[in-house]
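Heads up: the structure comes next, in C-alpha cells.
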Amino acid sequence: MSLSTDELAALVARDIPADSYVNLGIGQPTRVADHLTPEQGVILHTENGMLNMGPAATGDDVDPDLTNAGKVPVTELPGASYFHHADSFLMMRGGHLDVCVLGAFQVSVHGDLANWHTGAADAIPAVGGAMDLAIGAKQVFVMMTLFDKQGRPKLVPACTYPLTGLRCVSRVYTDLAVFDVGPGGAVVRESFGITREQLRQVT
Amino acid sequence: MSLSTDELAALVARDIPADSYVNLGIGQPTRVADHLTPEQGVILHTENGMLNMGPAATGDDVDPDLTNAGKVPVTELPGASYFHHADSFLMMRGGHLDVCVLGAFQVSVHGDLANWHTGAADAIPAVGGAMDLAIGAKQVFVMMTLFDKQGRPKLVPACTYPLTGLRCVSRVYTDLAVFDVGPGGAVVRESFGITREQLRQVT
Amino acid sequence: MKIRDTVDEAVAGIADGSTVLVGGFGLAGMPFDLIEGLIRQGATGLTIVSNNAGNGDVGLAALLKAGRVQKVICSFPRQSDSYVFDDLYRTGRIELEVVPQGNLAERMRAAGAGIGAFYCPTAVGTPLAEGKETRTIDGRDYLLEYPIKGDVALISAHRADRMGNLVYRKTARNFGPVMATAATTTIVQVSEVVPVGSLDPETVVTPGIFVDRVVRAEARHYMVQGAR
Amino acid sequence: MKIRDTVDEAVAGIADGSTVLVGGFGLAGMPFDLIEGLIRQGATGLTIVSNNAGNGDVGLAALLKAGRVQKVICSFPRQSDSYVFDDLYRTGRIELEVVPQGNLAERMRAAGAGIGAFYCPTAVGTPLAEGKETRTIDGRDYLLEYPIKGDVALISAHRADRMGNLVYRKTARNFGPVMATAATTTIVQVSEVVPVGSLDPETVVTPGIFVDRVVRAEARHYMVQGAR
Chain C
36 MSLSTDELAA
46 LVARDIPADS
56 YVNLGIGQPT
66 RVADHLTPEQ
76 GVILHTENGM
86 LNMGPAATGD
96 DVDPDLTNAG
106 KVPVTELPGA
116 SYFHHADSFL
126 MMRGGHLDVC
136 VLGAFQVSVH
146 GDLANWHTGA
156 ADAIPAVGGA
166 MDLAIGAKQV
176 FVMMTLFDKQ
186 GRPKLVPACT
196 YPLTGLRCVS
206 RVYTDLAVFD
216 VGPGGAVVRE
226 SFGITREQLR
236 QVT
Chain A
36 MSLSTDELAA
46 LVARDIPADS
56 YVNLGIGQPT
66 RVADHLTPEQ
76 GVILHTENGM
86 LNMGPAATGD
96 DVDPDLTNAG
106 KVPVTELPGA
116 SYFHHADSFL
126 MMRGGHLDVC
136 VLGAFQVSVH
146 GDLANWHTGA
156 ADAIPAVGGA
166 MDLAIGAKQV
176 FVMMTLFDKQ
186 GRPKLVPACT
196 YPLTGLRCVS
206 RVYTDLAVFD
216 VGPGGAVVRE
226 SFGITREQLR
236 QVT
Chain G
4 MKIRDTVDEA
14 VAGIADGSTV
24 LVGGFGLAGM
34 PFDLIEGLIR
44 QGATGLTIVS
54 NNAGNGDVGL
64 AALLKAGRVQ
74 KVICSFPRQS
84 DSYVFDDLYR
94 TGRIELEVVP
104 QGNLAERMRA
114 AGAGIGAFYC
124 PTAVGTPLAE
134 GKETRTIDGR
144 DYLLEYPIKG
154 DVALISAHRA
164 DRMGNLVYRK
174 TARNFGPVMA
184 TAATTTIVQV
194 SEVVPVGSLD
204 PETVVTPGIF
214 VDRVVRAEAR
224 HYMVQGAR
Chain H
4 MKIRDTVDEA
14 VAGIADGSTV
24 LVGGFGLAGM
34 PFDLIEGLIR
44 QGATGLTIVS
54 NNAGNGDVGL
64 AALLKAGRVQ
74 KVICSFPRQS
84 DSYVFDDLYR
94 TGRIELEVVP
104 QGNLAERMRA
114 AGAGIGAFYC
124 PTAVGTPLAE
134 GKETRTIDGR
144 DYLLEYPIKG
154 DVALISAHRA
164 DRMGNLVYRK
174 TARNFGPVMA
184 TAATTTIVQV
194 SEVVPVGSLD
204 PETVVTPGIF
214 VDRVVRAEAR
224 HYMVQGAR
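Chains as they are written, first to last, in the numbering used here: chain C, 36 to 238; chain A, 36 to 238; chain G, 4 to 231; chain H, 4 to 231.
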C-alpha cells in the first residue's frame with residue numbers, strides 16, 4: 036500500500052535525529068511538524084527569522100507579526116529566539132541546520148534538486164529561500180510523490196526542470212519508497228506496495 | 036603661540052558637526068571628548084561594540100565589562116546600544132561614522148596615513164582597528180604635533196612609514212596649524228605662532 | 004532631530020529614479036504608512052527591493068498599481084494575490100530581477116558593511132547563475148555577488164527613541180535591520196516613540212546610527228488571505 | 004544536552020593542532036575558566052584566533068607560556084603587559100598573523116555564513132595587503148579576504164538557558180556572537196544558567212543553534228593595568 040501524505044510525514048519525522056535544528060519547507064513538509072514528538076527535542080527554524088517555532092496559531096493567538104515562511108500565523112515555544120534575515124540565512128547557508136525537508140518537482144538520482152520553477156515559458160519566476168536551503172543544510176530530505184500527475188517518475192536520471200541546487204539532496208521520501216541519493220545513484224531504503232523490480236524500472 | 040594638547044583637542048571638538056557619530060582613536064584623540072558640549076549632541080562610538088559611550092568610569096562605576104577601545108573603563112549614556120564586533124566594524128567600514136579622529140606618525144599632503152607601525156625591523160606589528168577606521172569614516176581627522184621629537188615634519192610629501200590607509204585623511208590638526216589635505220595637496224586653514232612662510236617650507 | 008510629525012514629512016524628498024528598499028516579509032513588517040506616503044509624495048521610476056512584490060491592492064501593490072515602479076528586485080513575486088504585479092509583468096510594464104532570499108539579505112548587508120562583493124554558494128548550477136562570475140575555493144563552487152545599496156529604506160519597527168534606536172516585534176523584524184544599514188536615508192515607521200533611556204542598551208536591535216527619520220504610525224494589520 | 008557540570012567536561016576532546024577562536028577584547032569577555040581548562044586538558048600545537056595575544060600571566064598568556072600555541076592570529080598582540088607573547092615572538096617560538104580587527108571579525112562571520120571569500124577595502128595600499136589578490140569594483144580598490152573557521156570557539160557570555168541561547172553583558176559581548184557562528188564546536192562559559200523561557204526571545208543575542216556546550220563559571224575579573 037502506498038503511503039498517504041500524513042504517513043509519509045510521520046516517516047520523515049521518525050528519521051529526524053533527536054535535538055536537531057530543522058527547517059520544514061512550505062507545503063507538504065510543514066506536515067512533518069505534526070509528527071515530531073516532544074522527546075525528540077527538535078527545534079524548528081523558519082527563515083523569516085525565528086528558532087523554536089511552535090504550531091500554527093488559532094483564535095486569539097493569531098498575531099500578524101508572527102508567521103512562518105509560508106506566511107501562516109504561528110506560535111512561539113519557550114526558548115525561542117528572533118533574528119533578522121541576514122542572520123537567519125547565515126544559519127541556513129553556513130551549514131548550521133541539521134536537516135531541511137523540501138518538496139520537489141524532480142530529484143535526480145545524484146541528488147540534484149528541481150523545486151522552484153516548472154520551466155514553463157510564461158511562469159513568473161519566484162525562488163524565495165529554496166536555493167539557500169538546498170545548499171545550506173547538513174542534510175536535505177525531499178518529500179514528494181514518486182510519480183507526477185501524468186504518471187512520469189519525479190526521481191530521474193537527470194532533472195529536466197530548472198535546477199534549485201546541485202548534488203544537494205541526500206534522501207527522498209515518496210509515497211511508494213524511500214531512497215538515498217548521491218554520487219553513487221539512488222538506493223532504495225524501504226518500499227510501500229511496490230516491488231523492487233518495479234522501482235528499478237523507474238530509477 | 037603653539038597649542039597645547041588640550042587646546043588642540045578643543046579645536047577639533049569645535050569642528051565636529053552637531054549630531055555626528057564619532058570615533059575617537061586611542062591616545063590624544065580621546066581628549067577631544069572632554070571638549071564636546073551636550074548641545075553638540077555628538078554620539079561616540081567605540082569599536083569594541085558600543086554607541087553613546089560616556090566619560091571614563093571612576094570609583095564604583097568601574098565595570099570590567101564596560102571599556103573603551105583603549106581598554107579603559109568607561110560609562111554608558113542614555114540611548115546607548117551594545118553590539119558585537121562584526122556589527123561594530125560594519126558601522127566603521129560601511130561609511131556610517133561621520134568623523135573619526137586619529138593620531139599619526141605621518142600624514143601625506145594627499146591624505147595618506149601612517150599611524151600603526153614605525154617601520155622598525157624589530158617592532159612587533161599590531162594594527163587593531165586603525166586600518167578599518169582609516170578607510171571607513173566619512174571624514175578622517177588627524178591630531179598630532181607638526182614636528183616629531185627630532186624636529187622633522189610629520190606632514191610630508193609622501194609617507195616613509197608603513198601606511199595605514201591611502202588618501203583617507205581629510206584634515207590634520209597640529210599644534211602649529213590646521214591643514215586640509217587631499218588630492219590637491221595641503222592647504223593651511225589656520226596657524227598658531229608660525230608664519231605662512233615657515234609653514235610653506237615645511238609642506 | 005530624527006522624529007518627524009507626519010508620514011508626509013518622513014518621506015519628503017525621495018527622488019524619481021531612486022532605489023527604495025522596502026521592509027517586510029509578506030505583510031509582517033511591511034511599512035504600509037510609509038508606502039502610502041510615498042504614493043502621495045509622487046516619486047516615480049523607482050526600483051523597489053523587497054522580498055515580495057505586493058499583495059492585494061495595498062502597500063507595495065498600490066505603489067505598483069500607481070505606475071511608480073520601473074523595476075522590482077525580490078525573491079518571491081508570485082503569490083496567490085499578487086495580481087497587480089502579475090499583470091504589469093505579463094504586459095511588459097515592469098522589470099523583474101529574481102534574487103534568492105539569502106542573497107537579497109546578504110547583498111544588502113554587504114552594502115551596509117562596505118564589502119565590495121562576495122562569493123556565495125547559493126544558486127550554483129541553476130538558471131540564476133547565468134552571467135555570474137564563478138570561482139572554486141577549497142573545492143567548492145561559488146558565485147560572485149555584488150552589494151545592493153538603497154537610496155532610501157522604508158521599514159517598520161515596534162519602538163524607537165528619538166536617537167533612532169529601534170526594537171522590533173517577533174518575525175516582523177525580518178529585513179528591517181539589514182535594510183537600515185544599506186540605504187543612504189533610512190526612514191522608519193514605529194508603533195511607539197519612547198523616551199531616550201527607556202530602551203535597554205543590551206536589547207537595541209538597530210542602533211540609531213542607521214536611522215535618519217522616524218515617524219509614529221498606528222499599527223495596522225492587513226490580513227490578506229493566501230499571502231505567501 | 005548542552006549543559007556541562009564542570010569546565011573540564013566542557014573542554015574535553017579538543018584535539019592537538021586545532022584552531023581555537025578565543026573571545027574577549029583585552030579582558031572583557033575573556034573566557035578565563037575555559038582557557039584554564041584547556042591548559043589542563045593538554046591540547047597542543049594550537050592556532051589561536053583572538054583580538055589580543057594575552058595579558059600578564061593569565062588567560063591566553065598562560066596558555067602561551069605553557070607552550071601549547073604554534074600560531075596566533077590577532078589584530079593587536081603588542082600591549083604593555085604582553086611580555087609572554089613578546090618573548091615567544093622575539094625568540095622565534097611562535098608564528099604571528101596580524102589581521103586588521105574588522106577583517107578578523109568579518110572573516111569569522113564569513114566562515115559562519117558560508118561565504119567563500121569577500122572583497123574588503125581595509126588595508127589596501129598597506130604592508131598588510133602584500134600577497135593578497137586585489138580588485139577594483141566601481142572605482143574603489145579591494146582586497147580578497149578568506150574566512151577564518153575554528154574547530155573550537157571558547158567564549159564567555161552572561162546568561163544561558165539549557166538550549167544554549169545566550170545574552171551578553173555590555174562591551175564583553177565583542178567577538179563572542181561572531182565566534183559562536185564560526186566554529187565547529189562552540190563552548191561557552193556563563194555567569195548564570197537560567198530556566199528555558201526566562202530569556203526574552205526578542206533579546207537573545209546568540210541563538211542556541213550556534214552553541215554546543217555551556218558551563219557555569221564564577222565571574223572573575225582580572226584588572227590588569229595597562230591592558231590595551
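All residues carry an ideal CB built from backbone N, CA and C; glycine is no exception.
As the structure is a prediction and not an experimental result, all values here were calculated from the model.
Spatial neighbours of residue i in its chain, beta-carbon cut-off 8 Å, leaving aside the 5 residues before and after
{"i": "H:G229", "result": "With a pLDDT of 41 at H:G229, under the threshold of 50, the predicted position of this residue should be treated as unreliable, though the coordinate-derived value follows. Only Q82, S83 and D84 meet the Cβ criterion."}
{"i": "C:K251", "result": "Nothing in the structure corresponds to residue 251 of chain C, since chain C is present only between 36 and 238."}
{"i": "G:A120", "result": "A113, L147, E148, Y149 and P150"}
{"i": "A:C203", "result": "G146, D147, L148, A169, I170 and V175"}
{"i": "A:T110", "result": "M88, G89, P90, A91, A92, D96 and L101"}
DSSP-derived helix/strand/coil call for residue i
{"i": "G:V23", "result": "strand"}
{"i": "A:T123", "result": "For the record, residue 123 of chain A in the displayed sequence is Ser; it is not Thr. It is helical."}
{"i": "A:P192", "result": "coil"}
{"i": "G:D154", "result": "strand"}
{"i": "C:V109", "result": "strand"}
{"i": "H:R71", "result": "coil"}
{"i": "C:A149", "result": "strand"}
{"i": "A:R224", "result": "strand"}
{"i": "C:G114", "result": "strand"}
Beta-carbon neighbours of residue i, restricted to chain G and to distances below 7 Å
{"i": "C:L79", "result": "The premise fails here: C:L79 is roughly 13 Å from chain G at the closest Cβ pair, so nothing lies under 7 Å."}
{"i": "A:A115", "result": "P204"}
{"i": "C:G84", "result": "T174, R176 and N177"}
Interface residues of chain G facing residue i [CB-CB closer than 8 Å]
{"i": "C:L198", "result": "G128, T129 and P130"}
{"i": "H:R143", "result": "G119"}
{"i": "H:V170", "result": "E205"}
First through last residue of the alpha helix (DSSP H) which encompasses residue i
{"i": "G:R216", "result": "No alpha helix (DSSP H) contains G:R216, which is instead part of the beta strand (DSSP E) from R216 to R219."}
{"i": "G:I42", "result": "F35 to Q44"}
{"i": "G:F88", "result": "Y86 to R93"}
Chain A contact residues for residue i, given Cβ-Cβ distances below 8 Å
{"i": "H:G179", "result": "H119"}
Residue i versus the options, residue with shortest Cα-Cα distance
{"i": "C:G219", "options": "C:L86, C:G228, C:S205 and C:T195", "result": "C:S205"}
{"i": "G:G95", "options": "G:M111, G:K74, G:P103 and G:A56", "result": "G:K74"}
{"i": "C:R235", "options": "C:D98, C:T199 and C:L181", "result": "C:L181"}
{"i": "C:A104", "options": "G:F28, G:N106 and G:S201", "result": "G:F28"}
{"i": "C:V136", "options": "C:N58, C:T40 and C:E232", "result": "C:N58"}
{"i": "C:E82", "options": "G:S21, G:T174 and G:Q44", "result": "G:T174"}
{"i": "C:Q75", "options": "C:R49, C:V207 and C:M85", "result": "C:R49"}
{"i": "C:P52", "options": "C:V162, C:A121, C:D183 and C:V77", "result": "C:V77"}
{"i": "H:V181", "options": "H:I42, H:G70 and H:Q104", "result": "H:Q104"}
{"i": "H:D164", "options": "H:V196, H:I190, H:E133 and H:G153", "result": "H:V196"}
{"i": "H:A46", "options": "H:D154, H:T129, H:D141 and H:D19", "result": "H:D19"}
N- and C-terminal bounds of the beta strand (DSSP E) containing residue i
{"i": "A:F214", "result": "A212 to D215"}
{"i": "G:R192", "result": "The residue you asked about is not Arg; residue 192 of chain G is Gln in the sequence shown. Here the beta strand (DSSP E) through G:Q192 covers A186 to V196."}
{"i": "H:I140", "result": "T137 to I140"}
{"i": "A:R235", "result": "Run containing A:R235: none in the beta strand (DSSP E); it sits in the alpha helix (DSSP H), R231 to V237."}
Within chain C, partners of residue i - CB distance below 8 Å
{"i": "G:F79", "result": "A161, V162 and G163"}
{"i": "H:I6", "result": "Near H:I6 there are no residues of chain C at all, since even the closest Cβ is about 13 Å away, more than 8 Å."}
Beta-carbon contacts of residue i that lie in its chain and below 6 Å, excluding the five residues immediately before and after
{"i": "G:M33", "result": "G27 and G62"}
Sequence-distant residues of the same chain with beta carbon closer than 7 Å to residue i, five excluded per side
{"i": "A:A149", "result": "A139, F140, Q141, C194, Y196, P197, L198 and T199"}
{"i": "G:V227", "result": "In this prediction, G:V227 has a pLDDT of 45, which is less than 50 and means its spatial position is unreliable; what the coordinates show is noted afterwards. Cβ neighbours of G:V227 beyond the five flanking positions: L30, N58, G59 and D84."}
{"i": "C:M36", "result": "F227 and G228"}
Interface residues of chain H facing residue i [CB-CB closer than 9 Å]
{"i": "G:P124", "result": "G117, I118 and G119"}
Neighbouring residues, chain A, relative to residue i (Cβ below 7 Å)
{"i": "H:A175", "result": "D100"}
{"i": "H:A108", "result": "H120, A121 and F124"}
Neighbouring residues, chain D, relative to residue i (Cβ below 8 Å)
{"i": "H:I158", "result": "Of the chains in the structure shown, none is chain D; the protein chains are C, A, G and H."}
Neighbour list for residue i in chain H, Cβ cutoff strictly below 7 Å
{"i": "C:L125", "result": "G115, A116 and T184"}
{"i": "A:D167", "result": "P103, Q104, G105 and T125"}
Amino acids of chain C, ordered along the chain, whose beta-carbon sits closer than 7 Å to that of residue i
{"i": "H:D164", "result": "G114"}
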